[in-house]
Every structure is written in structure tokens, then in C-alpha cells.
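Reading through the C-alpha cells given below for one structure.
Protein chains in written order, with the numbering used here: chain C, 1 to 109; chain W, 110 to 439.
Here's what the structure looks like:
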């Protein structure tokens with residue numbers, strides 16, 4: 001099983017939605033960390049665990065840009081099947097992220 | 110002959126200088142129309158000093174009418190005068206008002222001189238000293254008599270996670286004795302910074318031109334941390350994507366005003382200005398944190414609306430607040 005830890009592989013201070021707004025954006029996380037690992041998970045037919053714990057916190061725009069952004073590139077159902085979210089610090093984020101992935105369908109239509 | 114005359118170096122120089130002068134005049138005229146060049150060009154030491162009395166209850170969150178009136182007067186009077194702030198009679202003061210006043214002073218740059226005295230009230234004096242207010246005004250500074258908390262102001266025009274982290278650390282250490290994380294406060298600060306970057310300029314200029322000011326105050330007495338976030342942009346209601354026909358219909362036939370629009374924004378019912386369905390989650394996200402009890406005492410002041418969200422007190426202000434202020438506690 002593949003895994004990503006945001007604090008280990010990206011930053012302890014996740015930032016805004018886009019690179020233009022500031023450092024450690026959701027867009028940057030998607031392009032540099034999440035997308036390559038997700039593609040690897042698809043190639044090797046494995047599950048990908050994303051560990052959200054250990055950071056300072058998350059803005060909704062960061063989570064939406066990363067996970068919603070991924071679901072806009074791939075089929076949301078496929079993303080939900082491959083990605084497993086871990087968030088012990090803020091358990092409500094698990095459902096929130098799953099919602100962003102599911103809602104990405106509306107943006108694709 | 111005339112053709113030769115106008116092609117000489119002397120004429121070329123003259124015409125160039127006229128051109129530059131006219132261009133400068135045009136730019137100034139346009140800026141004046143936009144209300145962005147209010148300051149007279151005279152040197153500060155040639156300007157008279159006017160005294161302004163700061164309201165006794167200097168707080169946007171508790172006394173919005175008087176405080177906003179004072180801040181607007183400050184901005185108007187500072188166009189043509191140096192100012193002396195009389196703070197002697199201030200008996201109540203909060204971080205949001207200090208943040209707003211510092212923002213006004215900073216917007217003047219070096220072009221005006223601002224003097225200020227000390228409040229007689231000890232608690233107010235301490236808060237002002239700890240906020241760094243006296244770094245921005247000329248005054249005799251007394252030493253703070255007691256250290257009941259710590260206040261830290263920051264400003265920028267970008268979204269800065271490290272600044273949000275630093276503010277939270279300072280606030281929590283002052284309130285609880287040791288620094289620790291605050292997920293909801295971090296999330297709210299990033300949302301606010303992002304909103305300033307993306308929406309505060311409205312349609313005026315490109316994104317990222319507007320500045321935000323944030324202040325944290327950790328109160329050791331009651332173990333609370335107060336955050337205030339201010340942007341001096343166009344305000345929520347001039348930046349939100351509202352269809353004018355729908356707005357007019359709601360105003361005329363349903364008696365709705367900006368208070369109702371703010372409620373709709375908080376509930377995520379107003380589409381983002383980008384038109385993308387997955388955008389516009391900033392304020393609804395903060396409201397969600399408030400409803401789930403992760404942040405307390407949420408107050409929003411923008412344009413003509415004051416909203417004490419916790420007490421469901423939504424008011425229309427007689428005087429417009431220039432920008433957006435968010436206040437919350439953890």
C-alpha cells in the first residue's frame with residue numbers, strides 16, 4: 001500500500017488554493033505530491049493512504065484544490081476507491097475530503 | 110520653416126516635458142476619481158495638527174457605530190492634516206479597533222505625523238503598549254505595568270501559512286503558558302488571507318493588491334485567544350458575485366438587504382465570483398467551524414453590515430465600514 005504524509009512529504013503549513021496566492025498551495029500539493037503517487041497507485045493497482053495529521057491545519061480551499069482537483073482529472077468514483085484518508089487530529093476532515101471528491105462530478109459536467 | 114522649428118532639440122524637449130506633465134495630470138485625475146490619492150502633497154512638517162478624541166469604548170465589535178465613524182473621520186482628516194489622537198478617556202479597547210487604527214496609520218506612510226497620548230485606564234494602556242501601537246505614533250511611552258497577555262500584529266498581501274502558525278503560537282503561549290496548535294484558527298486565518306488575495310480588490314485591480322492585517326491576543330486571565338483579521342478592500346458585498354437583477358428584486362419585493370446576503374454567503378448559498386461551483390468555500394468554512402463549536406464569538410463587519418453571528422445579531426450600519434473585519438476567539 002502506498003502512502004503520503006502531508007507533513008513529511010509536503011509542508012507543516014498547508015496554504016491556499018493556488019500557487020499564485022502563496023506558498024504550499026493545494027495546487028502545488030496536487031501536482032508535486034498527490035498526482036504522481038495516485039498515478040503510481042493506479043499503475044501498481046494499490047491503495048493510497050493520505051495522512052493529514054501533524055500539520056497546523058487545513059483551509060477548505062487547500063483540500064478542495066488537491067482532492068477535488070484530482071477528482072476533476074480522474075473519475076471521482078475511481079479516486080474514492082483508490083484513496084484512503086487518515087485524519088486523527090481532525091476526524092471531520094475525512095468526510096469533508098470525500099465530499100470534495102464526490103462533488104467534483106458537478107464541476108466535470 | 111515651422112517644420113524645422115518644431116524639430117529642433119529645444120522644441121522636442123519642451124514637447125516631451127508637456128507630454129509628461131499632461132500624462133501625470135491624467136493619472137492624478139483618474140486616481141482621484143477612484144479615490145486612491147487622497148493625500149495632499151505638502152510635506153508633513155508644513156501641515157497643521159488637529160486633535161481627534163478617540164471614543165471611550167474603542168471597539169468595532171462592541172461599539173461599531175462610534176468606532177467606524179471615528180476611523181472614517183481619521184481617514185478624511187489625515188488627507189490634509191497631521192493628527193493628535195487623544196486617548197486619555199478610553200476606558201474599553203479591543204484588538205480589532207487597534208488593528209484597524211494601525212492599518213489606517215500605516216496606509217499614510219511617512220506622509221503624515223500622528224501623535225498619541227496614553228489612556229488613563231491601565232488595562233487599555235497595557236493593551237495598546239503590548240500591541241505595538243506606539244511604534245506607529247509619536248508619544249511618550251510608559252512601561253507596561255502588568256503583562257496579562259500578549260498581542261502580535263502582522264500584515265501582508267499574500268497567503269502565509271508560516272505567519273498564521275506564528276500568530277497562533279504567540280496567542281496560545283500567552284493564554285495557556287505554552288504554544289500549541291489550533292486547527293480551526295489556522296484554517297480561518299488561511300481562508301481570510303485567501304479571501305483578501307482573491308476578492309478584496311473587487312473589479313478594481315489585479316488580485317493580490319490589497320493588504321491584510323491580523324492581530325492575535327492571548328489573554329492569560331480567561332485563557333482565551335482572540336483573533337482579528339482586517340482587510341481594507343472593497344468589502345464582501347462589493348466583491349460577492351450577486352446578480353443585480355436578483356438583488357434588486359429581493360430588495361424591492363422581499364425586503365432583503367446585505368444582512369440576508371451575508372447569511373446566504375455563510376450558508377454557502379451565494380456562488381463564488383469565479384462562477385465555479387467548487388469555489389467560494391472560505392466564509393462558509395469559517396461559519397461551519399463556528400457552528401461546530403471549534404471557534405467562538407464570530408463577528409463579521411463589512412460595508413454596511415455588522416454581524417454578531419453567535420448572538421444572531423445582524424445589523425445595518427449607518428456608516429459604511431471600509432473593508433472587512435473578522436473577529437473570533439478560540
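Glycine is no exception: its CB is placed at the ideal position from the N, C-alpha and C atoms. Keep in mind it's a predicted model, so treat the numbers as computed, not measured.
Say whether the region 323-337 of chain W touches the region 190-204 of chain W, bearing in mind that this needs 3 or more beta-carbon pairs closer than 8 Å, one atom from each stretch. Touching, per the Cβ criterion.
Taking only runs that begin and end inside the region 34-81 of chain C, name each unbroken alpha helix (DSSP H) of 4 or more residues, in chain order. For the region 34-81 of chain C, whole alpha helix (DSSP H) runs of length 4 or above, ordered along the chain, are 35-44, 60-63 and 69-73.
If the criterion is Cβ atoms closer than 7 Å, does the pair residue 4 (chain C) and residue 50 (chain C) meet it? Contact annotation: residue 4 (chain C) and residue 50 (chain C) have beta-carbon atoms nearer than 7 Å.
In whole angstroms, give me the CA-to-CA distance for residue 393 (chain W) and residue 306 (chain W). The alpha-carbon separation between residue 393 (chain W) and residue 306 (chain W) amounts to approximately 17 Å.
Minimum C-alpha distance to residue 171 (chain W) - residue among W:432, W:424 and W:431: Of W:432, W:424 and W:431, the residue nearest in Cα terms is W:424.
Taking 7 Å as the CB-CB limit, is residue 59 (chain C) close to chain W? Residue 59 (chain C) counts as touching chain W.
Taking C-alpha atoms, which residue in C:101, C:20 and C:26 lies nearest to residue 6 (chain C)? Ranking C:101, C:20 and C:26 by Cα distance to residue 6 (chain C) puts C:26 first.
For residue 96 (chain C), name the three-state secondary structure that DSSP assigns. DSSP places residue 96 (chain C) in the helix class (H, G or I) of the three-state scheme.
Identify which residue in W:154, W:165 and W:409 has its Cα closest to the Cα of residue 297 (chain W). Selected option, being the one with the closest Cα: W:409.
Measuring only between beta-carbons, confirm whether residue 59 (chain W) sits less than 7 Å from chain C. Given a span of 110 to 439 for chain W in the structure shown, any question on residue 59 (chain W) remains unanswerable.
Check each candidate in W:400, W:270 and W:322 and name the one with the smallest Cα separation from residue 56 (chain C). Nearest option by C-alpha distance: W:270.
N-terminal and C-terminal residue of the beta strand (DSSP E) that residue 416 (chain W) is part of: Annotation for residue 416 (chain W): the continuous beta strand (DSSP E) segment containing it runs 405-417.
At a Cβ cut of 9 Å, what residues of the region 292-303 of chain W count as close to chain C, listed as they run along the chain? Listed in chain order, the positions of the region 292-303 of chain W with a beta carbon within less than 9 Å of a beta carbon of chain C are 292, 293, 294, 295, 296, 297, 298, 299, 300, 302 and 303.
Starting from the C-beta of residue 67 (chain C), find all residues in its chain whose C-beta is less than 7 Å away, skip the five residues before and the five after it, and write them out in chain order. Taken in chain order, the residues that qualify are 97, 100 and 101.
Using a cut-off of 7 Å between C-beta atoms, extract the partners of residue 219 (chain W) located in chain C. The contacting residues do not exist; residue 219 (chain W) stays about 28 Å from chain C at best.
Can you grab the Cα-Cα spacing for the pair residue 8 (chain C) / residue 69 (chain C), in whole Å? Distance between the alpha carbons of residue 8 (chain C) and residue 69 (chain C) is about 21 Å.
Coil, strand or helix - residue 239 (chain W) by DSSP: When DSSP states are grouped into helix, strand and coil, residue 239 (chain W) belongs to the helix group.
Should residue 400 (chain W) be flagged as near chain C, meaning a C-beta pair shorter than 7 Å? No, because no Cβ of chain C sits closer than 7 Å to the Cβ of residue 400 (chain W).
Where residue 84 (chain C) falls: helix, strand or coil (DSSP): In the three-state reduction of the DSSP assignment, residue 84 (chain C) falls in the strand class, which pools E and B.
Do we get a CB-CB distance below 7 Å when we pair residue 270 (chain W) with the residues of chain C? The C-beta of residue 270 (chain W) comes closer than 7 Å to at least one C-beta of chain C.
For residue 433 (chain W), which option in W:246, W:342 and W:152 has the closest C-alpha, if you only look at C-alpha atoms? Shortest Cα-Cα distance from residue 433 (chain W) to any of W:246, W:342 and W:152 involves W:342.
Skipping 5 residues on each side, what residues in its chain have a beta carbon closer than 8 Å to that of residue 61 (chain C)? Excluding positions up to five away in sequence, the list reads 16, 17 and 26.
Taking 7 Å as the threshold (C-beta atoms), are residue 59 (chain C) and residue 299 (chain W) in contact? In contact: residue 299 (chain W) and residue 59 (chain C) (Cβ atoms closer than 7 Å).
Assuming residue 374 (chain W) is part of the beta strand (DSSP E), what are its boundary residues? Per DSSP, residue 374 (chain W) belongs to no beta strand (DSSP E); it is in the alpha helix (DSSP H), 367-375.
For chain W, check one thing: does any of its Cβ atoms lie closer than 7 Å to the Cβ of residue 91 (chain C)? It does not; no Cβ of chain W falls within 7 Å.
Look at the alpha carbon of residue 95 (chain C) and the alpha carbon of residue 397 (chain W), and state the distance between them as a whole number of angstroms. Rounded to whole angstroms, residue 95 (chain C) and residue 397 (chain W) show a C-alpha spacing of 14 Å.
Taking Cβ positions only, does residue 13 (chain C) come closer than 7 Å to chain W? It does; some Cβ of chain W falls within 7 Å.
Taking residue 10 (chain C) and residue 29 (chain C) to be in contact with their CB atoms under 8 Å, please state how far apart those CB atoms are, rounded to whole angstroms. 5 Å between Cβ atoms; contact.
Quick check on residue 190 (chain W): does DSSP put it in helix, strand or coil? The DSSP-derived three-state label of residue 190 (chain W) is coil.
Residue 202 (chain W) in three-state terms, based on DSSP: Strand.
Looking at C-alpha atoms only, which residue of W:245, W:391 and W:166 is the closest neighbour of residue 377 (chain W)? It is W:391.
Are any of the Cβ atoms in chain C nearer than 7 Å to that of residue 267 (chain W)? Yes, because at least one Cβ of chain C sits closer than 7 Å to the Cβ of residue 267 (chain W).
Can at least three beta-carbon pairs, one atom from the region 219-238 of chain W and one from the region 192-201 of chain W, be found at a separation below 8 Å? As far as the Cβ criterion goes, the region 219-238 of chain W touches the region 192-201 of chain W, which means the pair count is three or higher.
Residues near residue 41 (chain C) in its chain [Cβ-Cβ closer than 6 Å; skip 5 each side]: So the list reads 2, 48 and 82, once near-sequence residues are dropped.
Does residue 101 (chain W) get closer than 7 Å to chain C when you measure Cβ to Cβ? A question about residue 101 (chain W) goes unanswered here, because the residues of chain W that appear run from 110 up to 439.
Just to make sure I have the definition right: I need the residues of chain C whose C-beta is within less than 7 Å of the C-beta of residue 289 (chain W). Which are they? Those within 7 Å of residue 289 (chain W) in chain C number zero; the least Cβ separation is about 11 Å.
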